[in-house]
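*Asks:* Protein chains in written order, with this note's numbering: chain A, 1 to 500; chain S, 501 to 820. Glycine residues also receive a C-beta, built at the ideal position from the N, C-alpha and C atoms. Keep in mind that this is a model prediction, so the values were computed, not measured.
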């Protein structure tokens, strides 16, 4: 296994313009993470059309979007600690111990401990990615249409673990996404499906239009609804810096949580929020002998922050190696690659070594930048918490319309965006998650064309889908990912019964 | 009709005595997103015009995505039919879509075809370790066992790659409708699938295959050109040499709107003629994997119409 790609990658990541995009991404990411109103996925949705229209090369776009993503995992802790409102989904657990610390006048300590833990988590996870990515590249050529199809089956199977408590809504969301991909020219037969004679619909619903509609427009509508709620005042950043002994005492907590976060992140379908919850409860079980967790224990701040960063980084592993998104946000990034005509999949590493290497290398740089931004400069982001909604809401709206219009110079796209936004708003009010829709949309076309190609090659014989060792392995993985959590929960229920 | 003819003569006389009218602003519209074939065509034109300083101001390249050029076609005919500075990128793929009536209500006579800027040629390839060494052999083997040869191409059923494959199948005496054809996502996916053994025959274009053939990763059996192509491909026979009478150029060219005056149309034709003689143009052409291809003005217009007719016949013959 060669790590040459990483050296090439540093060559890409350290180009002045890419350093700048990384810096902008880290700054915006922290800001977006810090603002409870918008999460990383909204931020990426807004930035994507801007990057695309500005003609950024694919590696720069990816570096920018990725740094927003893991930057947000840093920023989310700020509002968790100071407002008791998580800045993004991955920072929910940080409120439990972070906010009590801030109320006890130890806000600086909480911010530094959580910042350093984020750095631990992010950095260790990048090192793991560095060694994992090339391994998958070796088997790329073994992937033919049949293998791709089963890979997509596996990706959809992982959805079952994503929103376990509402499987019907997950499934419906996914089917909605799949249905949207059938609009446009059919890649196999060349037939025009659901275009209603309009050439604007020949290429189907554009990915940017979908993402902006689902995440920005619906978000604006939700924000407008909550507007009356008023603005929360963040707590003052007071207290002293933590001691070296404190930073050393959280080391094993950070290492364990990074491990948990990384594994959870790598598993497609689960993300930073699950990772931080698992890491927090694990640490609580191991360390909480005196009942300090929940009252401002520094390990309770360190664990979720190390885990959510490790998970965000780990989510890139299935994306870069198999072309399967590990989270809603990486699904958006995969869609971004498709805009550049780069087909995600196991061949990505062999065909685009500069892209993969550049992204991985930029994560080393990005985590260092983020550590600097989040320790001495943390006050800049705290002041962002005072940003009133009457600036935020029109701002997001403006960027959405501009983004879509400049990317496609078509008013039709803007109308479709509003339509999807309205649907997204309704679905969110009904408790639907947007991620399965995006996943269905991103993977649907790949799944359909590969199934049809596999069957074309075999002359209609369905056996081709189970023939090669690789397809068998993927089927087994797909079945396992659905059944294992179900078995575990059943065993737990059984164990709990006699006790009760 | 008579008036138009007189006008034409008058224009010709005036043009004959003075320089051709040069439009104030020039723009090349690519009917797809940046990075594709239409973009490459526009860049070829824009870069070489700038390098040779044939036009005074640089040519802008704009994009209008949709329906592989259908949106741009409708836009030019419907909204900017008389813009003298606007040329639009097209390819033999556009002629195919016109033949299949996939450009909306307009046909190939709705615009004025200016000229081709170069061409790529169809090729048939097999894996490097394939026992089949020549196209003749392939056709015989295919005829014996069509089910044993899955064919991959970078386009849907009815696309140019599919038609190339259908012609091979027909030559082997097999029914193109029963062909095991996989419509893969572009040329890169086709060559990867060939190397992975998922398909046995690849139908594609010379430029996307030549580097891999040179590296020994696949074998090009024949090139669908009139004469052998230069460079590495000089060792590869044409389909004609192998006894299969197919020439398949994938030309790239430009058209202007239907109401553009003869003077402006002629200015574009002459500009392309001048441009194609320059070394700057040849360099840009080669960099984009295109081979020289001469077809300008009335010749080109005639050729597009003939291509559309040919594609219509091929589709009917193949049973679409």
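#1: Assign residue 509 of chain S to one of two classes, buried (16 or more other C-beta atoms within 10 Å of its C-beta) or exposed (fewer than that).
#2: Out of curiosity, what's the CA-to-CA distance linking residue 816 of chain S and residue 662 of chain S?
#3: Please work out which residues of its chain come closer than 7 Å, Cβ to Cβ, to residue 676 of chain S, disregarding the five sequence neighbours upstream and downstream, and give them in chain order.
#4: When burial is assigned at 16 or more other CB atoms within 10 Å of the CB, is residue 411 of chain A buried or exposed?
#5: Does any residue of chain A bring its CB to less than 8 Å from the CB of residue 693 of chain S?
#6: In chain S, which residues lie less than 7 Å from residue 453 of chain A when you measure between Cβ atoms?
#7: Are the beta-carbon atoms of residue 117 of chain A and residue 283 of chain A separated by less than 8 Å?
#8: Would you be able to state if there are at least three C-beta pairs under 8 Å between the stretch 47-62 of chain A and the stretch 83-96 of chain A?
#9: So, under 8 Å CB-CB, residue 242 of chain A and residue 44 of chain A are touching, yes? Tell me the CB distance rounded to an integer number of Å.
#10: Closest by CA to residue 401 of chain A, which one among A:213, A:316, A:26 and A:27?
#11: Quick one: which chain S residues come within Cβ less than 7 Å of residue 200 of chain A?
#12: Under 8 Å: do the stretch 556-571 of chain S and the stretch 189-206 of chain A share three or more Cβ pairs, one atom per stretch?
#13: Mind pulling the chain A residues with CB within less than 9 Å of residue 656 of chain S?
#14: Residues of chain A with CB closer than 7 Å to the CB of residue 757 of chain S, please, in chain order.
#15: Let me know the alpha helix (DSSP H) ranges lying completely inside the stretch 644-707 of chain S, each 4 residues or longer, listed in chain order.
#16: Looking at residue 573 of chain S and residue 606 of chain S, is the spacing between their C-beta atoms short of 8 Å?
#17: Have a look at S:554, S:599, S:612 and S:558 and flag the residue whose alpha-carbon is nearest the alpha-carbon of residue 580 of chain S.
#18: Excluding sequence positions up to five away, which residues of its chain have a Cβ less than 7 Å from the Cβ of residue 743 of chain S?
#19: Once DSSP output is grouped into helix, strand and coil, what is the label at residue 289 of chain A?
#20: Which term fits residue 206 of chain A, buried or exposed, when burial requires 16 or more other beta carbons within 10 angstroms of its beta carbon?
#21: When you check each C-beta in the stretch 529-541 of chain S against every C-beta of chain A, which residues fall closer than 8 Å?
#22: Please name the residue, chosen from S:718, S:810 and S:559, that lies closest to residue 623 of chain S on a Cα-to-Cα basis.
#23: The beta strand (DSSP E) spanning residue 615 of chain S covers which residue range?
#24: Between residue 56 of chain A and the rest of its own chain, which residues show a CB-CB distance below 8 Å, the 5 nearest in sequence each way excluded?
#25: Pull up the DSSP beta-bridge partners for residue 528 of chain S, would you.
#26: Could you give the C-beta distance for residue 357 of chain A and residue 5 of chain A, rounded to a whole number, given that I count them as a contact under 8 Å?
#27: Residue ranges of each alpha helix (DSSP H) run of no fewer than 4 residues wholly in the stretch 392-475 of chain A, ordered along the chain?
#28: Find the nearest neighbour of residue 298 of chain A within the set A:495, A:125 and A:115, judged by alpha-carbon distance.
#29: Does the beta carbon of residue 699 of chain S come closer than 8 Å to any beta carbon on chain A?
#30: Leaving aside the five residues before and after residue 442 of chain A along the sequence, list all residues of the same chain whose C-beta is less than 6 Å from its C-beta, in chain order.
#31: According to the Cβ coordinates, are residue 791 of chain S and residue 729 of chain S closer than 8 Å?
#32: Whole angstroms are fine: how far does the CA of residue 287 of chain A sit from the CA of residue 249 of chain A?
#33: What is the residue span of the beta strand (DSSP E) that residue 752 of chain S lies within?
#34: What does residue 145 of chain A touch in chain S if you count any residue whose Cβ is under 7 Å from its own?
#35: The beta strand (DSSP E) that contains residue 723 of chain S, what's its start and end?
#36: Can you say whether residue 495 of chain A is buried or exposed, counting buried as having 16 or more other CB atoms within 10 angstroms of its CB?
*Replies:* A quick look at the data gives this:
#1: Unreliable positioning characterises residue 509 of chain S in this predicted model, as indicated by a pLDDT of 44, which lies under 50. The coordinate reading is nonetheless provided below. Under this definition residue 509 of chain S is an exposed residue.
#2: 14 Å
#3: 666, 669, 670, 818 and 819
#4: exposed
#5: yes
#6: 682, 683 and 684
#7: no
#8: no
#9: Between residue 44 of chain A and residue 242 of chain A the Cβ distance is about 32 Å, and since that is not below 8 Å, they are no contact.
#10: A:213
#11: 566 and 571
#12: yes
#13: 185, 186, 187, 188, 189, 190 and 191
#14: Result: empty, since nearest Cβ-Cβ is about 17 Å, beyond 7 Å.
#15: 660-671 and 686-695
#16: yes
#17: S:612
#18: 636
#19: coil
#20: buried
#21: 533, 534, 535 and 536
#22: S:718
#23: 612-627
#24: 21 and 64
#25: S:561 and S:587
#26: 4 Å
#27: 411-429, 435-458 and 464-467
#28: A:115
#29: yes
#30: 331, 334 and 335
#31: yes
#32: 12 Å
#33: 749-756
#34: 682 and 698
#35: 718-723
#36: exposed
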